[in-house]
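Asks:
Numbering (the working numbering), first residue to last: 1153 to 1666.
1) Can you name the start and end residues of the alpha helix (DSSP H) that residue 1241 belongs to?
2) In whole angstroms, what separates the C-alpha of residue 1282 from that of residue 1162?
3) Straight-line CA distance for residue 1471 to residue 1484?
4) I'd like to know whether the C-beta atoms of residue 1227 and residue 1207 end up nearer to each other than 7 angstroms.
5) Below 7 angstroms between beta carbons: does that hold for residue 1432 and residue 1294?
6) Check whether the Cβ atoms of residue 1641 and residue 1632 lie closer than 7 angstroms to each other.
7) With residue 1342 as the anchor, note down where its beta strand (DSSP E) starts and where it stops.
8) Taking 8 angstroms as the threshold, find out whether the stretch 1336 to 1350 comes into contact with the stretch 1385 to 1404 through three or more Cβ pairs.
9) CB-CB under 6 angstroms to residue 1319, same chain, minus the five flanking residues each way: which ones, in chain order?
10) Thinking just about the alpha-carbon of each residue, which of 1607, 1240, 1363, 1501 is nearest to the one in residue 1357?
11) Of the residues 1191, 1427, 1637, which one's Cα is nearest the Cα of residue 1586?
12) What does residue 1255 pair with, by DSSP beta-bridge criteria?
13) Compute the Euclidean distance between the alpha carbons of residue 1544 and residue 1230, then round it to the nearest angstrom.
14) Alpha carbon to alpha carbon, how far is residue 1503 from residue 1450? Give it in angstroms, no decimals.
15) Return no unless some Cβ of chain C is closer than 7 angstroms to the Cβ of residue 1382.
16) Taking C-beta to C-beta, are residue 1627 and residue 1441 nearer than 7 angstroms?
17) Tell me, to the nearest whole angstrom, how far the beta carbon of residue 1540 is from that of residue 1203; I am working on the premise that it is less than 8 angstroms.
18) Which partner residues of residue 1408 appear in the DSSP bridge assignment?
19) Excluding the 5 residues preceding and the 5 following residue 1629 in the sequence, name in chain order all residues of the same chain whose CB lies nearer than 8 angstroms to its CB.
20) Whether or not the stretch 1165 to 1172 and the stretch 1260 to 1269 are in contact is what I'm after, with contact meaning three or more pairs of Cβ atoms, one per stretch, closer than 8 angstroms; do they touch?
21) Taking C-alpha atoms, which residue in 1156, 1225, 1635 lies nearest to residue 1374?
22) Using C-beta distances below 8 angstroms, list every residue in its chain close to residue 1261, excluding the 5 sequence neighbours before and after it, in chain order.
23) Taking all protein chains shown into account, decide if residue 1386 is buried (16 or more other Cβ within 10 angstroms of its Cβ) or exposed.
24) Taking just the CA atoms, how far does residue 1265 sit from residue 1380?
25) Between residue 1378 and residue 1438, what straight-line distance do the alpha-carbon atoms span, to the nearest angstrom?
26) Using DSSP bridges, identify the partner residues of residue 1286.
27) In three-state terms, what does DSSP make of residue 1467?
28) Is it the case that the Cβ atoms of residue 1639 and residue 1563 are separated by a distance below 7 angstroms?
29) Please report the Cβ distance between residue 1399 and residue 1383, rounded to the nearest whole angstrom; I am assuming they are in contact, meaning their Cβ atoms lie under 8 angstroms.
30) Going by DSSP, which residues form a beta bridge with residue 1571?
31) Within a Cβ cutoff of 6 angstroms, which residues of the same chain sit near residue 1481, ignoring the five residues on either side of it in sequence?
32) Under the three-state reduction of DSSP, which class applies to residue 1272: helix, strand or coil?
33) Measure the alpha-carbon distance for residue 1546 versus residue 1554 and round it to whole angstroms.
34) Out of 1463, 1478, 1508, state which residue places its alpha-carbon closest to the alpha-carbon of residue 1494.
35) Which same chain residues, not among the five before or five after residue 1579, have their C-beta less than 6 angstroms away from its C-beta?
36) Nearest to residue 1175 by alpha carbon, out of 1237, 1166, 1157, 1209?
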């Protein structure tokens, strides 16, 4: 047995594990990804992500590749059991971050992209068919990681500086640190059906949500040939009841119409339990939980996979800064305080949306028919429903939010064009991976009254630009933006805002650009 040392071990090569490994690789951090199976699971699972998460994929370096395998989704329609439209919520083809606000894709294709992208980073190693059989934390601060090669049976022992548990809903890492899932709502059993066909179903290209307590359902087109249905299962029903196309066809016929059953090829028929859960703690010293190991989100707002990628984006830059010595280890405490509250808010929103759309029996159906068409006429509700923006992060040492009012801190800075004449050159092209100052006043106009830390980049938001309107809308003239795009602090004075920058022990080392 060897006891080689690795700064970071990532347990699990699902989307979250691959995303955090890509981000760490971009920062030049040496890490080892351990996957008990093959790195790309062939089963279709998650199918939607928003523009905030699309932005993270761009940070990973797969912007064009993901655009090639995904399709923009025009939004969602709430329909009754006869598929009559009750309300429609549209999504923009290009949101505040420059990407479609709703994107449909095939998860195996996304995983293949993220896996292939790892080869760009020589500091990252992926080891498949390797099972982690135990973790223990040592007195010297290292983590002992025990592994078994599933092909040969060979056992190994690693010493890791940090371990990131990205090993899914049945996470062993969560058990090893003594964390437990807490329920935020009742579990629901659903039938998930994926079908490929060359036939044109003639359906609207967005998501159809059937608001029917008797048989709540969802339909969406995923790709040129693939379609997804989800049906809530009744008592006593199981997925095996619908593996025969003759039994399945009546369920999907409202959408397939006159298309013969023999032209519809089911590629997946599975029962899935939708859960609303969050782990009671996400960290034990040098071991962290990410993705489904830390939280499970019902699918009604399409945020499950995206939440894991948000975890990766939040933690990777902090961990890289700690490992290179530019930030103290205490900043890692902000990971749980920021991400847990955000994930819990999205889970509760998904529960609420699911209840509004599917609960209440015949009375609920009557209220939806009467109220939904009217509610979408209210400006504040329409803006809430149509926006893809997620909640701001809570206060932490890296989110300096005011106590008594809302502001920009904790929100994402828009990935806006830096020059209206050059819409292809955006904020992330300059500031990705750095602390940056966005200011409505030129630095020369802000006298250096005292020595303060300076962000690597300064972006002057000229009047009429998106960033200038964003600052003004938040009641600010300057904002410090973290390497993950989140606003650390905003205010009226650029110099005062810069005082909130963490005390970097060394000049920020430039992340690799490979």
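Cβ atoms here follow ideal geometry from the backbone N, Cα and C, with glycine treated the same way.
Replies: Well, looking at it:
1) Where residue 1241 is concerned, there is no enclosing alpha helix (DSSP H), although the beta strand (DSSP E) around it starts and stops at 1237 to 1242.
2) If I take the Cα positions, the gap works out to 12 angstroms.
3) In a straight line, the C-alpha of residue 1471 is about 7 angstroms away from that of residue 1484.
4) Judged by beta-carbon spacing, residue 1207 lies beyond the 7 angstroms limit of residue 1227, meaning their Cβ atoms are not closer than that value.
5) Contact flag unset, no.
6) Contact flag set, yes.
7) 1340 to 1348 is the extent of the beta strand (DSSP E) around residue 1342.
8) Of all C-beta pairs linking the stretch 1336 to 1350 to the stretch 1385 to 1404, three or more are shorter than 8 angstroms, placing the two stretches in contact.
9) Take residue 1319, set aside five residues on each side of it, and the residues of its chain with a beta-carbon closer than 6 angstroms to its own are 1163, 1164, 1325, 1445, in chain order.
10) Distances from the CA of residue 1357 to each of 1607, 1240, 1363, 1501 were compared; the closest alpha carbon is that of 1240.
11) Here the closest residue by C-alpha is 1637.
12) In the DSSP output, where bridge partners are listed per residue, residue 1255 has 1201, 1224.
13) If I take the Cα positions, the gap works out to 27 angstroms.
14) One Cα belongs to residue 1450, the other to residue 1503, and the distance between them is close to 7 angstroms.
15) Judged by its chain identifiers, the structure shown contains no chain C, having just a single protein chain.
16) It is not a contact, given that the beta carbons lie outside the stated cut-off.
17) Sure, about 6 angstroms apart at Cβ, within 8 angstroms.
18) DSSP, once it has assigned bridges, lists no residue as partnering residue 1408.
19) Taking C-beta separations shorter than 8 angstroms and ignoring five residues to either side along the sequence, the partners of residue 1629 in its chain run 1591, 1592, 1593, 1623, 1643, 1644, 1645, 1646, following chain order.
20) Result yes; three or more Cβ-Cβ pairs closer than 8 angstroms.
21) Minimum Cα distance to residue 1374 is reached at 1225.
22) In the same chain as residue 1261, and ignoring 5 residues on each side of it, the C-beta atoms closer than 8 angstroms to its own belong to 1221, in chain order.
23) Result: exposed.
24) In a straight line, the C-alpha of residue 1380 is about 22 angstroms away from that of residue 1265.
25) Cα to Cα, the separation comes out at about 42 angstroms.
26) Its beta-bridge partners are 1298.
27) Helix, per DSSP.
28) Taking 7 angstroms as the Cβ cut-off, residue 1639 and residue 1563 qualify as a contacting pair.
29) Rounded, the Cβ-Cβ distance is 12 angstroms, inconsistent with contact.
30) For residue 1571, which the question treats as bridged, DSSP gives the partners 1574.
31) Answer for residue 1481: 1474, listed in chain order.
32) Here residue 1272 sits in helix by DSSP.
33) Between residue 1546 and residue 1554, the C-alpha separation is close to 10 angstroms.
34) The option with the nearest alpha carbon to residue 1494 is 1463.
35) So the qualifying residues of the chain are 1567, 1568.
36) Measuring from the Cα of residue 1175, the nearest candidate turns out to be 1209.
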